[in-house]
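See structure below.
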Amino acid sequence: MLFQPPLPPFYNGLTEAQISERISKGKAKLGSRLIILGHHYQQNEVIQFADFVGDSLKLSQVGADQQEAEFIVFCGVHFMAESADILSDDRVKVILPDLSAGCSMADMANLDQLEEAWDFLDLECHDNVIPITYVNSAASIKAFCGAHQGACCTSSNARAVLDWAFDQGEKVLFLPDQHLGRNTAFAMGIPLDEMIVYDPKLPNGGLTKSQVNDAKVLLWKGHCSVHALFTTAQCDEIRRIDPAYNILVHPECSWEVVQQADLSGSTEFIIQTVRQSPAGSQWAIGTEIHLVDRLVHDHPDKTIRSLAGIQCLCTTMYRIDLKHLAWAIDNLIEGNIVNQIVVAPDTKRLAVIALERMLANLSPNPVAIA
Ligand code: SF4
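Residues in the sequence shown are numbered consecutively from 945, following our numbering.
Okay, here's the thing in structure tokens:
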């Protein structure tokens, strides 16, 4: 995780109304030179200032499409700002208002670990292994996949990318989210006993040569700390409370939870499923709480609640607050660029290859994983 120095004390003395006014004025002053991107999991206080709201893929595409803006202030997490920097024009500067807004899942795979895994797989495996990384990963991991005939995927198109990968090779190394990998491969008809978990903390990933040889999918031992909070016991409890609830979960949830759910799919799939459902329908949703709360607000004709009885919050994204947003914009007005996210040119060149393979496998509509 990167270190975010404390903000100047001035910002701590401002009320929320004063900070909001400051941001509004700053936005107006910068005009079309600035766009603010807000991820679905972001808090409402920040989202109210976003020019575009979406998942990480949609926001990166918006960044890439910018013709006028000089600055993208990305109210998401670090890997999203990196993707925006990779995909946007070189003249555009991408800013993350709080450098400590990382992603615990992305932090579960680093380049040294991946190179070590690759050395082991090259030695142990005679088949062609295709590395596929979820976009929730560092730029260096994306670049590695780009350089090794692999690709990125999103939760919207993981299945299409895995189909593509099995056209290229015999096995897939899927990282960093074991759950998205397992849920997607299972939905494609690959049995669980043909999937094994590679643990980067253990020598050789904790695997033997014969385990690797027998497997079709190697799942990196990583997960999302938010979606890991959803459990099968919560599914049981919802069914007990009222069987009319439809359980709708993100595929970063465990395989067991996805199997118990009625539907599973990406953030955009969740939003569209609820939007298209009839008035009076009931939804228990297994994803980040800010998105669930927004769905509750936007669909008063439906009964919507979190699958969990506890607050499943992306605490790293939550670090981006009004004060940090105001500070980043104030600096732009003064001609200073703070917290710029810059991906090194060599990394960018290879990561683009992996991202473009992902974009080539996009479906126009979000699809269910299971
Ligand atoms: S919700 Fe999970 S995967 Fe998404 S940014 Fe937060 S920690 Fe990372």
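We treat Cβ as the ideally placed atom computed from N, Cα and C, and that holds for glycine. Please read all numbers here as calculations on a predicted model, not as lab measurements.
Residue i: beta carbon under 7 Å from a heavy atom of the ligand SF4?
i	result
Cys1096	no
Is residue i buried or exposed, if buried means 16 or more other CB atoms sit within 10 Å of its CB?
i	result
His1241	exposed
Leu946	exposed
Gly1224	exposed
Ala1028	buried
Lys973	exposed
Ile1185	exposed
Val1286	exposed
Asp1180	exposed
Ile1248	buried
Lys1267	buried
Gly1279	exposed
Ile1016	buried
Asn1157	exposed
Ser1004	buried
Pro1120	buried
Ala1188	exposed
Thr1128	buried
Thr1259	exposed
Asn1283	buried
Lys1115	buried
Gly1020	buried
Asn1101	buried
Leu1192	buried
Pro950	exposed
Glu1012	exposed
Leu1067	exposed
Note down the Cα distance separating residue i from residue j, rounded to an integer number of angstroms.
i	j	result
Asn890	Ser1032	In the structure as shown, the chain starts at 945 and stops at 1314, and residue 890 therefore has no counterpart that could be examined.
Gly1125	Leu1117	9 Å
Val1036	Glu989	25 Å
Pro1222	Met1261	32 Å
Gly1253	Ala1091	43 Å
Phe1130	Arg1293	33 Å
Trp1227	Leu1146	40 Å
Phe1088	Thr1098	17 Å
Val1141	Pro953	47 Å
Cys1320	Leu1239	Here the chain comprises residues numbered 945 to 1314, so residue 1320 is not present and cannot be evaluated.
His1243	Val1236	11 Å
Ile1214	Val997	15 Å
Gln1220	Asn1275	42 Å
Gln986	Leu1151	38 Å
Thr1175	Gly1209	17 Å
Asp1042	Arg1263	7 Å
Ile1030	Arg1183	44 Å
Ile1085	Leu1058	8 Å
Ile967	Leu1269	7 Å
His1022	Leu1136	32 Å
Val1006	Ala1288	21 Å
Trp1199	His1123	6 Å
Ala1053	Cys1047	11 Å
Asp1051	Gln1204	28 Å
Asn1148	Ser1250	39 Å
Trp902	Leu1040	Any question about residue 902 goes unanswered here, given that the chain covers just 945 to 1314.
Val1038	Glu1212	24 Å
Ile1277	Gly975	11 Å
Val1170	Val1201	14 Å
Leu1055	Pro1144	11 Å
Leu1299	Ala1095	6 Å
Tell me where the alpha helix (DSSP H) around residue i begins and ends.
i	result
Phe954	Unbroken run through Phe954: none, as it is neither H nor E.
Gln1112	Ala1102 to Gln1112
Asn1157	Lys1153 to Asp1158
Gly1007	Ser1000 to Ala1008
Asn1127	Gln1122 to Ala1131
Ala1082	Note, Ala1082: premise wrong, no alpha helix (DSSP H); not H, not E.
Ala1228	First-last for Ala1228: Gln1226 to Gly1230, but that is the beta strand (DSSP E), not the alpha helix (DSSP H).
Val1193	No alpha helix (DSSP H) contains Val1193, which is instead part of the beta strand (DSSP E) from Tyr1189 to Val1193.
Leu1306	That residue, Leu1306, is in no alpha helix (DSSP H); it is neither H nor E in DSSP.
Leu1173	It is not in any alpha helix (DSSP H) - Leu1173 carries neither H nor E in the DSSP assignment.
Under DSSP, the beta strand (DSSP E) around residue i begins and ends at which residues?
i	result
Lys1037	Lys1037 to Ile1039
Ile1264	Counting along the chain, Ile1264 falls outside any beta strand (DSSP E), and DSSP gives it neither H nor E.
Ile1074	Val1073 to Tyr1078
Arg1249	Thr1247 to Ser1250
Ala1095	Ala1095 to Cys1097
So is the beta-carbon of residue i under 7 Å away from any non-hydrogen atom of the ligand HEM?
i	result
Ile1076	By its list of ligands, the structure shown excludes the ligand HEM, since it contains just the ligand SF4.
Check each residue's C-beta against every heavy atom of the ligand SF4 and list, in chain order, those closer than 5 Å. Val1021, Cys1047, Ser1048, Met1049, Asn1080, Cys1168, Val1170 and Cys1258
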